[in-house]
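Encoded as structure tokens, the structure appears first; notes follow it.
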Amino acid sequence: MKKYFYLITHIIFFIIFIMLKLMHMSFYANLMSIFFFLTLGILIIYNTFKNSEPISIWLVIGIMLITSSLTDFVWFYNGYIHPLDGSLLLSVFAIPNFFILLISAIYFKKYYKRRNVLQLTLDFSFILFIVFFIIFELYLDPFITGSANIELLMASSFFLLVSGLTLILMSSMIFTAKYEKLGLPYFLIITGIYIFSFVTLYFIYLYMRESYVYDGWLDVVYLLSISFFTLSYAFFKTGKTYETVVNYGEFSNFTSKKILAVFYFLMLLVLILLDILTIGPFVIVSLITIIYLYANIQVHKARMSELELIQEKENNQRLEEEVGKRTHELKDAYEHLKYQASHDSLTGLYNRETFLKYTCQHIKKGNQPFSILYMDLDRFKVINDIHGHTMGDRVLKKMADLFSAFIEDKITPIATSFIGRIGGDEFAILINTTDYDTLIHLAESIIDALKEPIIIDNFQFSLGISLGISRYPDDAKTVEELIRYADLAMYHAKEATSSQSKYLFYTSHLIQHIERRNNIELLLRNADYDQQFSINYQPQFDIHSKNLIGMEALMRWEHPIYGYISPAEFIPIAEEIGLIIEISNWVFKKVFQQIYQWNTNYHQNLTVGINVSPLSLDYVDFLPSLDQWLIDYNVNPEWIDLEITEHSAMNFSILMDELFTTLSNRGFHVSIDDFGTGYSSLSYLKQFNVDRLKIAKELIDHIVTDPNERLIVNAIIKMAEGLGLKTIAEGVETFEQLTILSSLHCHEIQGYVLGKPVSPSDFELLYLKK
Ligand code: C2E
Ligand code: CA
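Next up, the structure:
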């Protein structure tokens, strides 16, 4: 809007102005121009303040317009109203000139800092020389000839100086900078400045030679130059940056420089042809121009290498930055990998390797005592089996969180520590203390803390942990041993029944125990059964008649090097390593053979008790084998009493029911061994087809001293009677026990008081031949 308004106003102004001129009505034309520029000057100043722009070039342009309007007015006054003194006229005329110089200076200053100083100095010097040389050449004449008065000379000098400086400033600025995009407003201003300066210089030239024609076309061009300033305002947009100068002083403008140099050259040539200039100055200017161009090349070269250096520096810096960035990224990646390698991905705790490594470092640090708490979740496998591994993982994660919280709350205030996940559901904590009481306190509180059920989604899990403790340096001096021992203690703690504590300290006993166990395993695997095994028989009697009713077969193992090893010790190991079936088979055959021999030789109907491992009951060939041996050894099943512990009978109660019936149908006797130590109710036994209860030695032991025990034994005998079962008391060692059992109507008796387990030959001698 503003743009078109200004444009149209200018066109109208110039059409009217030219028309008036052509119609020889200069009076009106001049009058019009006074008001036109005055109005525009005021308008520009007003707008500058209204838009609260910083005191800019526009304010100076506005002032310049007003002063030039004033000049026009004085000019008009001199021409049409009353002639004025020449030097006064020139003085007034000097004012806008001064402002034009100011505009140039502002403009120059605005971009000065972004110049190559060397280039600028060179360009400035060259232009300074050219401009003043020409001025000197053109204007020196009137000075020397003295055709002008002194005031006029002084005024002229002022104009020459101001216009010369303006041209120098503008030209050197244009020379030095490469203009990529010269904003239109600035293009117009620069054009205005140039025209104005040339017009001024020409005017002075003519004026000094008294050949200036008042109201001629020079005045029109002068007005035109002013209108460039006003017009430029039309295209100026507030807030927009006219970033006109780029690549200050680069070589790319060298061509333009050459062109300008040629232009100057041609201009001089024209001046020579017009006879204004002589050939002498022409040669000088030409020489200077050549020197200037040569210097330019040198400056350019210097500048180029400087630029290259800067570029190289920049490249290096960028490269450095890039390398730095990459290094940083690599470091991050490395840290991440390191973390992943050292931590358990599920729980975020240290993994096994890291835990071992740090423990190792701890040992290397010196004689700082510490303990390893080794923990294992008690019923974790069940969760994994029933709810799947995802749930299992969540449980582990929760457990790890609980451990971490425990460490922070309870351990950290006492001692430094760290935790690791060692295996599936196994965790270990290293604590910097070996104080017994502290460790007991911690073990108990961590077990208590984890007794609380864990809730995940809608599920509630009661897990519990078992805990083993080993101590450095007392228990062991290497990481491997410390972990193994703590694990071992944990393993034994787990075996403990719920009434016992679920933690254990490692002791050397434990390792001796393990070593002996391992040794027995090895011996068992290599045992020659016929050479090393034998069977002892312990007699069983009717409590009232004291008649022999049978015997219990008890294994004996006499190792050639290690001597006697109790069945109580080796039978569980044989069960564990799967040798029990083989051993049982050996026992069965031996006992079948023996009972046949005795019962036939002595015409007896004695019953032999054989201990049956619960694993044998699971064995598919158990019944067929029994049948086979009955045939092989010609044994009556009634002679055989199969002793099945209360514990194994209860464990497989459903299948047992069927098995007991089958055995009973075949004619075998079945006794429940060690009765009273477990937790089976008698009524539960009703469904089993059994013949006899063997009351456990533990109950008999205190029957004399503890009336409660006596009551229990009494109850067992009474209820067994009610169920039609016989009762036999085991481990009867004294006659007092015997008397009490007799009064309680126990049926049968087995114990040292009447006979210890003895070899078959002794048995025969002691109980059969008698
Ligand atoms: P058990 O079935 O409870 O056997 C009774 C144990 O008590 C025997 O120990 C016997 O010697 C002992 N005993 C009997 N009367 C007395 C007494 O008055 N005082 C004392 N202190 N002890 C008495 P033994 O022979 O050491 O057998 C230990 C365990 O080994 C047996 O306990 C039985 O469970 C197992 N066992 C023995 N032989 C065999 C076998 O051939 N097969 C299987 N599977 N297990 C066997
Ligand atoms: Ca037994």
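The sequence shown begins at -12 in the numbering used here and counts up one residue at a time. We put the CB at the ideal spot given by N, CA and C, even for glycine. Bear in mind that the values here come from a model prediction, so they are computed numbers and not experimental data.
Look up residue i in the DSSP assignment and give the residues it is bridged to.
i: P526; result: M538
i: Y490; result: L454
i: A716; result: I682 and I736
i: H546; result: G550
i: L417; result: I359 and F405
i: I631; result: V599 and I659
i: T265; result: For T265, which the question treats as bridged, DSSP gives no partner whatsoever.
i: G410; result: E413
i: S521; result: R543
i: T594; result: G537
i: Y459; result: F357
i: Y337; result: H330 and G407
With DSSP run on the structure shown, which of helix, strand or coil describes residue i?
i: M12; result: coil
i: Y760; result: Residue 760 is absent from the model: the chain starts at -12 and stops at 757.
i: K743; result: coil
i: E301; result: helix
i: H479; result: helix
i: Q447; result: strand
i: T403; result: coil
i: H69; result: coil
i: S332; result: coil
i: E307; result: helix
i: F223; result: coil
i: Y345; result: helix
i: F238; result: Confidence is the limiting factor: at F238 the pLDDT is only 46, short of 50, which leaves the residue's position unreliable, though a coordinate-based value still follows. Three-state DSSP puts F238 in a helix.
i: S143; result: helix
i: L566; result: coil
i: L364; result: strand
i: I442; result: strand
i: Y209; result: helix
i: E467; result: helix
i: S532; result: coil
i: F675; result: coil
i: Y173; result: helix
i: E197; result: coil
i: L152; result: helix
i: T664; result: coil
i: I690; result: coil
Report the CB separation of residue i from residue j in whole angstroms; it is logged as a contact under 8 Å.
i: L728; j: V677; result: Between V677 and L728 the Cβ distance is about 20 Å, and since that is not below 8 Å, they are no contact.
i: I433; j: F393; result: 6 Å
i: E189; j: L205; result: For clarity, residue 189 is Tyr in the given sequence; the question names Glu instead. At roughly 7 Å, the Cβ-Cβ gap stays under 8 Å, so Y189 and L205 are in contact.
i: M542; j: Q527; result: Going by Cβ atoms, the distance from M542 to Q527 rounds to 17 Å, so no, they are not a contact pair.
i: E508; j: I564; result: 6 Å
i: D59; j: S91; result: Not really, about 21 Å apart at Cβ, beyond 8 Å.
i: F95; j: M51; result: Contact flag wrong, Cβ pair sits at about 16 Å.
i: I452; j: K489; result: 7 Å
i: A473; j: I359; result: 4 Å
i: P172; j: F222; result: 5 Å
i: L755; j: Y589; result: 5 Å
i: F675; j: M643; result: 6 Å
i: E720; j: G738; result: 6 Å
Does the distance between the C-beta of residue i and the nearest non-hydrogen atom of ligand 3 fall short of 7 Å?
i: I558; result: Looking for ligand 3 in the displayed structure turns up nothing; the ligands present are ligand 1 and ligand 2.
Take every Cβ of the region 611 to 620, pair it with every Cβ of the region 566 to 584, and state whether three or more of those distances are shorter than 8 Å.
Counting Cβ pairs under 8 Å, three or more are found: they touch.
Specify whether the region 618 to 631 and the region 645 to 658 touch according to this definition: at least 3 beta carbon pairs, one from each stretch, less than 8 Å apart.
Result yes; three or more Cβ-Cβ pairs closer than 8 Å.
Which residues are close to ligand 2, meaning CB closer than 5 Å to any heavy atom, in chain order?
Cβ-based neighbours of ligand 2 within the cut-off: N598, E630 and D660.
Taking 8 Å as the threshold, find out whether the region 114 to 127 comes into contact with the region 76 to 86 through three or more Cβ pairs.
As far as the Cβ criterion goes, the region 114 to 127 does not touch the region 76 to 86, which means the pair count is below three.
Contact between the region 291 to 302 and the region 358 to 367 (3+ Cβ pairs under 8 Å):
The region 291 to 302 makes no contact with the region 358 to 367; the number of CB pairs closer than 8 Å stays below 3.
Is the number of C-beta pairs between the region 42 to 49 and the region -1 to 15 that are closer than 8 Å three or more?
No: the two stretches stay apart, fewer than three of their Cβ pairs being nearer than 8 Å.
For the region 308 to 325 against the region 413 to 427, are there 3 or more C-beta pairs whose distance is under 8 Å?
The region 308 to 325 makes no contact with the region 413 to 427, as fewer than three CB pairs between them are under 8 Å.
Check whether the region 199 to 218 touches the region 146 to 160, counting contact only when three or more Cβ pairs, one atom from each stretch, lie closer than 8 Å.
In short, these stretches do not touch, since the Cβ pair count stays below three.
Taking one C-beta from the region 454 to 463 and one from the region 341 to 361 each time, how about it: are there three or more such pairs within less than 8 Å?
As far as the Cβ criterion goes, the region 454 to 463 touches the region 341 to 361, which means the pair count is three or higher.
Taking contact to mean 3 or more Cβ pairs, one atom from each stretch, closer than 8 Å, check whether the region 497 to 511 and the region 687 to 703 are in contact.
The region 497 to 511 and the region 687 to 703 do not touch, with fewer than 3 CB-CB distances between them shorter than 8 Å.
The region 517 to 535 touching the region 741 to 751, judged by at least three CB pairs closer than 8 Å:
These segments touch.
Three or more beta-carbon pairs under 8 Å between the region 66 to 76 and the region 252 to 264, yes or no?
Contact between the region 66 to 76 and the region 252 to 264 is absent, because fewer than three Cβ pairs lie under 8 Å.
The region 207 to 223 / the region -12 to -5 touching (three or more Cβ pairs under 8 Å)
Taking 8 Å as the limit for Cβ pairs, the verdict is that the region -12 to -5 does touch the region 207 to 223.
Stretch pair the region 378 to 385 + the region 416 to 430: three plus CB contacts closer than 8 Å
They do not touch, by the three-pair rule.
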